[in-house]
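Heads up, the thing below is written out as structure tokens.
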Amino acid sequence: MKWFLSFLLISGLWGANPELLKVKSVYLLPMASGLDQYLANALQTGGLYVVVTDPATADAVFTDSIGPAFERKWNDLYPPEKTEEDEEENPRTEAAAPASTFRRGRGVVFLVERKSKQVVWSTFAPARDARPSTIDKTAQTIATRLKKDLGGK
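Residues 274 to 426 (this note's numbering) are what the sequence shown spells out, left to right.
See the structure below:
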């Protein structure tokens, strides 16, 4: 019986991204229809993660879009370290980012791990409308899926 329970526990965690299991605190970027506010509430009350207001203290970032706009926001939050070589090669000139062909995912939410900049988890949970009760249910759905993927943490 003990072997069977151990197998169930291990198999439940096996499918989760190992980087996802390392995340303890999260920062949420602004999302469509204020989803970030409802999601912060669902994550915090569900005990899934510590929600932080300082991105420097977060292990990962939730966002509802990736692409050039996300990269610019990421670089604002976490500026890359510049070396003297970088300054000599690029003296205060920044290349314009190419225009994105992507629009907001409209229901897609990503969790991007800070150190690796990898998407460690994502889900598709579109809201039927922008009413607060609907957005709250969507946030609860996202938190429930995340909890399941974390192995019922």
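Here a beta-carbon is modelled for each residue, glycine too, at the ideal position from N, C-alpha and C.
Note that the structure is a prediction, hence the values are computed from the model and not measured.
Let me know if Thr336 comes out buried or exposed under the rule of 16 or more other beta-carbons within 10 Å of its beta-carbon.
Thr336 is buried by the Cβ-count criterion.
Where are the beta strand (DSSP E) runs, 3 residues long or more, that stay fully inside the segment 321-360, in chain order?
Taking only runs of at least 3 residues, the beta strand (DSSP E) segments lying wholly in the segment 321-360 are 333-336.
Between the alpha carbons of Lys297 and Asp349, how many angstroms are there, rounded?
Straight-line measurement puts the Cα of Asp349 at about 22 angstroms from the Cα of Lys297.
Residue span of the alpha helix (DSSP H) that contains Leu308, given as start and end
For Leu308, the enclosing alpha helix (DSSP H) has its first and last residue at Leu308 to Thr318.
Could you check where the beta strand (DSSP E) with Ser395 kicks off and where it finishes?
Start and end: Val392 to Phe397.
Top-ranked residue by Cα proximity to Ala313, from Val324, Ser306 and Pro303
Checked all of Val324, Ser306 and Pro303; the closest Cα to Ala313 is Val324.
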